[in-house]
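Heads up: the structure comes next, in structure tokens.
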Amino acid sequence: MKNKPYIKPKVAVPRFSEENGFYTTKARSFNMSQIKGKNTKPEKLLKKALWHAGVRFKTPKKPLFGKPDITLKKYKLVIFVDGTFWHGYDWENRKHAIKSNQEFWIAKIERNMQRDQEVNNYFQEKGWTIIRFWDFEVKEELGACLKYLLNYIIY
């Protein structure tokens, strides 16, 4: 993808380093390294439900732009299962709850949200449909998420 000028300025995320005043313990570092970016529990739940419903999908070996969790090429559909913290669910109310390293975390999450919008725009320009679920929606209302996807595919 060629670089496009940003409509809004790109959110600058400071480096997470001790020189910048960001201190971390070995335990914190280990915990952060255990956070998954793909094949999360909500993602696996949704994939399993789709499979049992007879919907065949791909998880591309060569990632598409934005790394969608599920791709249905036949329907030109990409599905994302977004984590509430990392993708800024209810951001205006929740960003004030961040107490440590606010400069880093607020910029980090706002950049993630900006990137999500860029990914949406990219796929829309290509004529694809983007469906995004929050991780808690998949965990708590899997049937409703599945029904929504099946209704899209059938109609």
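Residues 373 to 527, numbered by the working numbering, are exactly what the sequence shown covers, in order. From the three backbone atoms N, C-alpha and C, an ideal C-beta is built for every residue, glycine too.
Query	Result
Start and end residues, beta strand (DSSP E) containing R504	T501 to W506
Cβ-based neighbour list, I478, same chain, cut-off 7 angstroms, excluding 5 preceding and 5 following	K467 and I470
Sub-8 angstroms separation of E512 and V453 beta-carbons	no
At least 3 beta-carbon pairs within less than 8 angstroms: the segment 499-517 vs the segment 446-466	yes
Three-state class that DSSP yields for V427 in the structure shown	coil
Coarse secondary structure for D462, derived from DSSP in three states	coil
The alpha helix (DSSP H) enclosing D488, as first and last residue numbers	Q474 to E497
C-alpha distance - L514 paired with V383, whole-angstrom precision	33 angstroms
Nearest candidate by alpha-carbon position, reference G438, set N492, N473 and K430	N492
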